[in-house]
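Residue numbers (the numbering used here), protein chains in the order written: chain Z, 31 to 204; chain U, 31 to 204.
Think of the CB as a built atom: it goes at the ideal place given N, C-alpha and C, for glycine as much as any other residue.
Encoded as structure tokens, the structure appears first; notes follow it.
Number of protein chains: 2
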Amino acid sequence: MSRSSVIAPFQTERHDHSSCRRDALARAEDICLRKGLRLTELRRRVLELVWSGHEPVRAYDLLDQLRGERRGAAPPTVYRALDFLQEHGFVHKIESLNAYVGCAEPADRHGGQFLICRRCKAVAELDDPAIHDTVQRRAEASGFLVQGQVIEVTGLCPRCAADPAAPQPHAHEH
Amino acid sequence: MSRSSVIAPFQTERHDHSSCRRDALARAEDICLRKGLRLTELRRRVLELVWSGHEPVRAYDLLDQLRGERRGAAPPTVYRALDFLQEHGFVHKIESLNAYVGCAEPADRHGGQFLICRRCKAVAELDDPAIHDTVQRRAEASGFLVQGQVIEVTGLCPRCAADPAAPQPHAHEH
DNA sequence: GTCGGTGATGTTATGGTATAACCACAACAG
DNA sequence: CTGTTGTGGTTATACCATAACATCACCGAC
Chain Z
31 MSRSSVIAPF
41 QTERHDHSSC
51 RRDALARAED
61 ICLRKGLRLT
71 ELRRRVLELV
81 WSGHEPVRAY
91 DLLDQLRGER
101 RGAAPPTVYR
111 ALDFLQEHGF
121 VHKIESLNAY
131 VGCAEPADRH
141 GGQFLICRRC
151 KAVAELDDPA
161 IHDTVQRRAE
171 ASGFLVQGQV
181 IEVTGLCPRC
191 AADPAAPQPH
201 AHEH
Chain U
31 MSRSSVIAPF
41 QTERHDHSSC
51 RRDALARAED
61 ICLRKGLRLT
71 ELRRRVLELV
81 WSGHEPVRAY
91 DLLDQLRGER
101 RGAAPPTVYR
111 ALDFLQEHGF
121 VHKIESLNAY
131 VGCAEPADRH
141 GGQFLICRRC
151 KAVAELDDPA
161 IHDTVQRRAE
171 ASGFLVQGQV
181 IEVTGLCPRC
191 AADPAAPQPH
201 AHEH
């Protein structure tokens, strides 16, 4: 079993999250530069806010924060930024939560599988070929032409499973 | 490859949908009888409406229909019925559509995998052990304790993939 | 340089999804 | 008959997302 399929693991300790966020922004800057995409101030700021932690962030929470720093921020402000970020693989939408997480391995329209902790709300991202291919093969066996996969697993992350009384991590561990 | 994992296939022709619906209602009646669950008039009616076709149905569409036949129908009316039906496996929520489909093989809190046609909107349900087990194993390999799986595949059903110009089936093929 | 096109954002309004909180009443067990 | 539980009615509100149109910055053609 390869471990390489885990592209964004659960954090086992309170980690230096500012480096996660900084790395994600640097990768986005780099990719946009190479592809000629416009990572505007707004889009950059929304990506930064999504990376405030490893928990999925809701659109209206982003909006609340934007309102504090940008006059005229409204729902389309944040949804348009999220659309751009999703389209180019910088963030994923977690369908079962209606919330958004940053992607640690951005690529256009790539899928991925998400492990969502019910207790601490953290999300880990896998990009496991075994899962992807099994789903693909079984769908094709039914004559279905696959265009996209939504795979979201809920349960308990290693820390919450091991110690249900452990303190809850909160975002913003700067 | 077993075909038994396809528990609700795509319909290849305009089929006698009234028998699908009748069977689903009969199964629900039977299960509720055996388990001592109360399939009230409201719940039965909502289940019947969900089974109006093989396309996922939105909660407010159900509500619109209920309003025509029941004074005082309101969002909680339909959501409470859907909660009951989901809890006991009679319907599934399609997270990526915020819509609901009937289940052909009801069982408490069972998962299942869904193939969702982007063109005709029909949904087929699989209950494929290979998919389930692969996801389960890979999640466990990350130390994750799995409690639930959301697996939704979008694309084109066999008919729409074969003939993109074919007429769109509509629900209510009574 | 200015004209016009394109893409990003501002702005207002609305539509769509879901739940909180409280009330009335029926079914049922003791 | 009485308390408890479950079901649904009712009102209100919160949350999620997009339509439609206006404005502005940027940039290339001429």
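- Chain-order list of chain Z residues neighbouring U:GLY173: PRO188, by C-beta distance under 7 Å.
- In the structure shown, the three-state DSSP call for Z:GLN166 is helix.
- Going by DSSP, Z:GLN143 is part of the beta strand (DSSP E) stretching over 143 to 147.
- Proximity of chain Z to U:VAL131 at the Cβ level (cut-off 8 Å) is not reached, the minimal Cβ distance being about 15 Å.
- Residue environment: U:LEU77 is assigned as buried (16 or more neighbouring CB atoms within 10 Å of its CB, all protein chains considered).
- Residue ranges of uninterrupted beta strand (DSSP E) with 3 or more members are absent from the stretch 43 to 81 of chain Z; none lies entirely inside it.
- Three or more Cβ pairs drawn from the stretch 180 to 190 of chain Z and the stretch 170 to 179 of chain U lie within less than 8 Å of each other, which places the two stretches in contact.
- Here U:HIS140 is exposed: its Cβ has fewer than 16 other Cβ atoms, across all protein chains shown, within 10 Å.
- Pairing Z:LYS123 with Z:GLN116, the inter-Cα distance amounts to about 7 Å.
- Interface with chain Z (8 Å Cβ-Cβ cutoff): U:ILE181 is included.
- Residue environment for U:LYS65: exposed (fewer than 16 other C-beta atoms within 10 angstroms of its C-beta).
- No Cβ-Cβ contact shorter than 8 Å links U:ILE37 with Z:VAL165.
- Using beta-carbon distances, Z:ASP158 counts as an interface residue toward chain U, with a partner under 8 Å.
- Taking 8 Å as the threshold, the shortest C-beta distance from Z:ILE161 to chain U falls below it.
- The Cβ-Cβ distance between U:PRO136 and U:HIS162 does not fall below 8 Å.
- Leaving aside the five residues that flank U:VAL183 on each side, the residues in its chain whose CB is nearer than 6 Å to its CB run, in chain order, LEU145.
- Distance from Z:ARG168 to U:LEU156 at the Cβ level is roughly 6 Å; contact confirmed, criterion being Cβ atoms closer than 8 Å.
- Collapsing the DSSP output to three states places Z:ALA104 in coil.
- U:LEU127 and U:VAL108 do not touch by the CB rule: their CB atoms are close to 16 Å apart, not below 8 Å.
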